[in-house]
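Residue numbers (my numbering), protein chains in the order written: chain A, 400 to 571; chain B, 400 to 571; chain C, 400 to 571; chain D, 400 to 571; chain E, 400 to 571; chain F, 400 to 571.
Notes to accompany the following structure.
6 protein chains.
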Amino acid sequence: MRAMLLGRFQPFHLGHARVVEHALEAYEGLVLIIGSATESYTYANPFTGGERHLMIQRTLEDMEARQVSIVSVPDIHRYGVYASHVADLAPPFDVVLSNKELIRYIFEKEGYQVESTPVFKRQTYAGTEVRRRMATGEDWHSLVPDGVAEVVDRIGGAERVKGLYAIERSST
Amino acid sequence: MRAMLLGRFQPFHLGHARVVEHALEAYEGLVLIIGSATESYTYANPFTGGERHLMIQRTLEDMEARQVSIVSVPDIHRYGVYASHVADLAPPFDVVLSNKELIRYIFEKEGYQVESTPVFKRQTYAGTEVRRRMATGEDWHSLVPDGVAEVVDRIGGAERVKGLYAIERSST
Amino acid sequence: MRAMLLGRFQPFHLGHARVVEHALEAYEGLVLIIGSATESYTYANPFTGGERHLMIQRTLEDMEARQVSIVSVPDIHRYGVYASHVADLAPPFDVVLSNKELIRYIFEKEGYQVESTPVFKRQTYAGTEVRRRMATGEDWHSLVPDGVAEVVDRIGGAERVKGLYAIERSST
Amino acid sequence: MRAMLLGRFQPFHLGHARVVEHALEAYEGLVLIIGSATESYTYANPFTGGERHLMIQRTLEDMEARQVSIVSVPDIHRYGVYASHVADLAPPFDVVLSNKELIRYIFEKEGYQVESTPVFKRQTYAGTEVRRRMATGEDWHSLVPDGVAEVVDRIGGAERVKGLYAIERSST
Amino acid sequence: MRAMLLGRFQPFHLGHARVVEHALEAYEGLVLIIGSATESYTYANPFTGGERHLMIQRTLEDMEARQVSIVSVPDIHRYGVYASHVADLAPPFDVVLSNKELIRYIFEKEGYQVESTPVFKRQTYAGTEVRRRMATGEDWHSLVPDGVAEVVDRIGGAERVKGLYAIERSST
Amino acid sequence: MRAMLLGRFQPFHLGHARVVEHALEAYEGLVLIIGSATESYTYANPFTGGERHLMIQRTLEDMEARQVSIVSVPDIHRYGVYASHVADLAPPFDVVLSNKELIRYIFEKEGYQVESTPVFKRQTYAGTEVRRRMATGEDWHSLVPDGVAEVVDRIGGAERVKGLYAIERSST
């Protein structure tokens, strides 16, 4: 059986890496879906789909995780067809790994098996926390895999997040 | 420098595999773009984006081609912004490998370097020829990598192409 | 079990009416999908979704066919998610009635049962024949239910089709 | 003259049923537009277009309200063309029944006559109140027609709304 | 009364310039709609919306035609709402100048007055003829206003058209 | 060098007029982009793209500002390709005039030069202030050019804004 893990990965962090490890032990393969692939340059979604693809690819190479497909999926803004939209763009999968209720609903409705994933320090290993630290200049390197940190540093990602945070705060 | 190769890969065949080999010798890495990712179930585009992703991933595993990113890109139906659309979804690349004039125009306009690729028996190793043979029941296995053949056989792909060919012919 | 019948109904004709009668005998209810709902003012698709809805509603009233839901569905231009798109907009159905291979593929793939429909003088009771007669000024009233003829006459539909045919011919 | 009533009908309730009764007394026919037809699986819009179509169809059958067309209309996210978008998908109508200022503006601008509808216990017979009761487990059956209650119960609709409410609350 | 003239202007030629002169004599002002504004880099539509805007603006400056609004309008692929789509993006107009039957239908349906325009050597002063000459290397400068010729020359437009023609011919 | 100024211009006010004056002194020409061109009939975006086009055109005529191109650009909801989207629809420009951080990011990323504009009583000459005064019935005529005031008065714009403000307030 092959598993699927869906996230926005803004950015991919050590909590995600743990779930990937878990999935590769429990299943034959993993499809990793980069959701909201065309969203970027907002505080909630600072990185482009391409940047996120690269961060994840680097990390999987370092993990020697070869049975993983990375697939970018733009939003379709229709929950009623979202599962079908993902299935159309992704290699086949049998099990959806998710702790999000909405994802569970949407994929169970289409007949997929849905499993919870082990949670690893949820408050710390979270995209919101990584972005908050980037915005405030605190340490965020320790929350992400080395491959992600390297890509973020190269593209000036932390500065971008700081700028986007300032934009968002000033517009409220 | 990293190269980019764009195709519909309906399906990925041995001609494509040669270009990948060439690219991996000449460049540090390769971004392989599956174009028209949401097109499927027509004679010209029989396979879904997800199916094509799987065919290519299998082949690259067999080739032990690790420096390749596979990225699905839906059509945006605007040549004027297509290069930007691809760049938004793909890891960064410097050189576009293409023998298609339109691709050359569109990416040169945005400042990319564009290079031709060596052509390998163009009449035989061509998507149109592979699909024609699937439609007529001739041998097509010899035109595609083993990983592709295996996926096509598992999903009943040749039968699908035969059916889609009949649909197209009857509607003209 | 409830059946689903999908067509463009440009316009709804006596052949369609026969299939509806057949479906209401064989199944508990029928969902009638007006496909390509936003296409109009071309020779192939002369009538708007709203006009087609009215033609069909009138006919069903005359047939006293009450167990029928009329649902307009715009094209989504992605065969891979089309079945899900229809299911999202339509009341539930179990069986798809269709003689078109592509419809069969698309819905069987999603687990629907697909049945053929009895064909009733296919050359005559066909949308293309009705439109051809409208374009040439031949009798078309005898090919459609009274409710359809009445609506077409009220909106000047035959003249519109004649005009659209002239446009199409002059542009080739 | 034919009237048009536009709503999201999440879900259709007894207040809506009263307006339908009123409209059928005052006008020759009614077009009932299910707005935001492709929205679903959020707390504000829990039910799919297809589910809402079925709820309304059942209710109209029980009311023996035959002069009503049910038409699903997806959002177009452009108020400037919304009236034209509705007119394209719906059978013709002359009068728009609405108490919403924005709807009045948009359709008056296009030359439609706009009339207010009698309001029937606005605080109670309201979609927000029905959904609130579903979310909290209070009685909601008494606020909707029997046909609606039956459909909601069959699809586990109240549980879905409860779940979606929890999702929304946890994400703020 | 203000007039509206709609075209793709691929490119704007002396026939168009004549119609503009005529319109400015007969009406108080003119709205010039650049249709299919996002189409470019095909043989039928070689120039981007921005390039066409510039060509027309230069020409109007040379003509000292100040009462003209230039408005780019992307296709909406729905004839049923096209008139409303144009009206939403354009300054108000009363009369539509067109010799195309489809445009007449679509705007008359929405209550606009539609007038024919004087035709000036239709075979010669035509976008298809200008593009054909660009493709074959024949004289095309004499068919377009100086402002257009200057812009086309600066962007290498004739070479682009020649290239796009070759692409189109080779793909058939 | 040609400059570009991007705004929603809801409505165009005297602060905008000052920036236009400044730009025409400092650069050879100006492209004025009406952003969010298809947004209208909300309190934040009350006027249609066409209405805004007319307001600006009138003002530029009064200013005798001839080297200005007015270009309406619908939103594309993808910051990653927005610069390319604008460049596709607009005549060429070299410098982007903007005090908005996000605009700076997006265009600098694509290689454009970005310059700040002189600010002229930012609290007063602001779209939000103009709309607030329209909503409350205070004097707003003194904040906009005469050409804008004239168009707003003719279309009943202040009343529309007042109505839209009431709608927004009641829905919160």
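We put the beta carbon where it would ideally sit given N, CA and C, even for glycine.
Just so we're clear, the structure is a prediction, and the values are computed from it rather than from any experiment.
Query                                                                                                                       : Result
Presumed contact (8 Å Cβ cut-off) between Phe492 of chain A and Met403 of chain A, rounded CB distance                      : 4 Å
Which listed residue (E:Asn444, E:Ala443 and E:Tyr511) has its alpha carbon closest to that of Met400 of chain E            : E:Tyr511
Chain F contact for Arg531 of chain D (CB, 8 Å cutoff)                                                                      : no
Pro410 of chain D versus Gly526 of chain D: straight-line alpha-carbon distance, rounded                                    : 6 Å
Neighbouring residues, chain B, relative to Ser483 of chain F (Cβ below 7 Å)                                                : Val480 and Ser483
For Phe408 of chain B and Ile469 of chain B, the rounded distance between their alpha carbons                               : 12 Å
Proximal chain C residues relative to His452 of chain D, where beta-carbon distance stays under 8 Å                         : Ser468, Val470, Leu488, Ala489 and Pro490
Buried or exposed by the 16-neighbour rule on C-beta atoms within 10 Å, applied to Glu424 of chain C                        : exposed
Inter-stretch contact at 8 Å, needing at least 3 Cβ pairs: the region 472-486 of chain B / the region 471-490 of chain F    : yes
Status (buried if at least 16 other CB within 10 Å, exposed otherwise) for Pro517 of chain D                                : exposed
First and last residue of the uninterrupted alpha helix (DSSP H) at Val472 of chain C                                       : Neither: Val472 of chain C is in no alpha helix (DSSP H) and is coded neither H nor E.
Residue range of the alpha helix (DSSP H) that includes Gln456 of chain B                                                   : Gly448 to Met462
Closest Cα partner of Ala443 of chain B within the set B:His540, B:Pro544, B:Val529 and B:Gly414                            : B:Val529
Alpha carbon of Leu542 of chain E to alpha carbon of Ile455 of chain E, nearest angstrom                                    : 14 Å
Assigned exposure category for Gly536 of chain A - 16 Cβ within 10 Å defines buried                                         : exposed
Residues, ordered as in the chain, of the region 423-448 of chain D that lie near chain C by beta-carbon distance below 8 Å : Ala436, Thr437, Ser439, Thr447 and Gly448
Cβ shell of Val550 of chain B (< 8 Å), same chain only, five flanking positions each side left out                          : Glu450, Leu453, Met454, Arg457 and Gly556
Expected contact under 8 Å - CB spacing of Val419 of chain E and Leu405 of chain E to nearest Å                             : Contact flag wrong, Cβ pair sits at about 13 Å.
Identity of the residue in C:Ala416, C:Pro473 and C:Leu431 nearest Gly448 of chain C by Cα                                  : C:Pro473
Residue burial classification, Ala565 of chain F (beta-carbon count within 10 angstroms, cutoff 16)                         : exposed
Under 8 Å between C-beta atoms of Glu509 of chain F and Leu496 of chain F                                                   : no
Identity of the residues DSSP links to Val495 of chain D by a beta bridge                                                   : D:Met403 and D:Val513
DSSP beta-bridge partners of Val430 of chain B                                                                              : B:Met403 and B:Ser468
Classification of Glu438 of chain F by the beta-carbon crowding that lies within 10 angstroms, buried from 16 upward        : buried
Extent of the continuous alpha helix (DSSP H) run through Gly414 of chain F                                                 : Leu413 to Ala425
Nearest to Lys561 of chain A (by Cα), restricted to the options A:Glu427, A:Ile432, A:Gly434 and A:Arg532                   : A:Arg532
Endpoints, alpha helix (DSSP H) assigned at Tyr440 of chain D                                                               : Element bounds for Tyr440 of chain D: n/a, residue is neither H nor E.
Sequence-distant residues of the same chain with beta carbon closer than 7 Å to Arg559 of chain D, five excluded per side   : Pro445
Residue-level contact to chain B via CB, Glu500 of chain C, 8 Å cutoff                                                      : yes
Supposed contact pair Tyr440 of chain D and Ile505 of chain A - C-beta distance, whole angstroms, cut 8 Å                   : 6 Å
Under 8 Å by beta carbon: chain E residues contacting Ala565 of chain C                                                     : Glu500
Rounded Cβ spacing between Asp545 of chain C and Asp461 of chain C (contact assumed at less than 8 Å)                       : 6 Å
Buried/exposed call for Ser569 of chain E, threshold 16 Cβ in 10 Å                                                          : exposed
Members of the region 550-562 of chain F that neighbour chain D once the beta carbon cut-off is set at 9 Å                  : Arg559 and Gly562
Partners in chain A for Gln456 of chain B, counting only beta-carbon separations shorter than 9 Å                           : Ser468 and Pro490
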